[in-house]
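Taking it in order: structure first as structure tokens, then the write-up.
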Ligand SMILES: [Zn+2]
Ligand SMILES: [Zn+2]
């Protein structure tokens, strides 16, 4: 089962929604992988937070929040949320595809910001849309130069010692 939350055609996005969306997407995180590939993803997708209609949903904690940026940012600081980020790390075998298994049946793809079934995930990372998003994340990392990094870019080192 996949939830195509962010898959509405762009033409249906109204100007107001687009403005809101760009506010949500202001924060980026640079991820450095073991393979030394760098990817830039939104802070929200790193934290498994998606925008569902009028609410933000943390799919990791299975929590809904009102669509207030402050609530969302506060959620990212919660100890329980960080505990879950640690318990559900990126699946090593999927590498730069940045997929976390978030429970026994579902995975979250950070690249696409969607939930997809564990059974479907190996096909998901090969589909065209995922590949396009992955390329964008790689390109974003290449175009970020240290002197141009906005102050809200965080670097997360994923080379955790095992
Ligand atoms: Zn959470
Ligand atoms: Zn994906």
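In the working numbering, the protein residues as written are 140 to 301.
Here a beta-carbon is modelled for each residue, glycine too, at the ideal position from N, C-alpha and C.
Cα separation between residue i and residue j?
i	j	result
residue 264	residue 210	31 angstroms
residue 272	residue 251	6 angstroms
residue 172	residue 232	12 angstroms
residue 176	residue 227	21 angstroms
residue 236	residue 203	25 angstroms
residue 256	residue 262	10 angstroms
residue 276	residue 183	14 angstroms
residue 215	residue 208	11 angstroms
residue 190	residue 225	22 angstroms
residue 212	residue 281	26 angstroms
residue 219	residue 200	8 angstroms
residue 278	residue 178	8 angstroms
residue 223	residue 195	17 angstroms
residue 221	residue 168	16 angstroms
residue 266	residue 230	18 angstroms
Short of 6 angstroms in beta carbon distance, which residues of its chain neighbour residue i, apart from the five on each side in sequence? Order them along the chain.
i	result
residue 247	187, 198, 239, 241 and 254
Can you name the start and end residues of the beta strand (DSSP E) that residue i belongs to?
i	result
residue 169	167 to 171
residue 189	188 to 191
residue 257	Per DSSP, residue 257 belongs to no beta strand (DSSP E) and is neither H nor E.
residue 251	Element bounds for residue 251: n/a, residue is neither H nor E.
Put residue i into one of helix, strand or coil per three-state DSSP.
i	result
residue 183	helix
residue 201	coil
residue 233	helix
residue 295	strand
State the start and end residues of the unbroken alpha helix (DSSP H) segment that holds residue i.
i	result
residue 267	267 to 282
residue 211	208 to 214
residue 261	260 to 263
residue 226	218 to 226
For residue i versus residue j, is the C-beta distance shorter than 7 angstroms?
i	j	result
residue 180	residue 249	yes
residue 217	residue 295	no
Please return the same chain residues whose Cβ sits closer than 7 angstroms to the Cβ of residue i, not counting the five positions on each side in sequence.
i	result
residue 260	238 and 246
residue 193	206
Can you list, in chain order, the residues of its chain with a C-beta nearer than 8 angstroms to that of residue i? Leave out the 5 residues immediately preceding and following it.
i	result
residue 161	With a pLDDT of 47 at residue 161, under the threshold of 50, the modelled position of that residue is not reliable, and no figure is offered here.
residue 174	234 and 235
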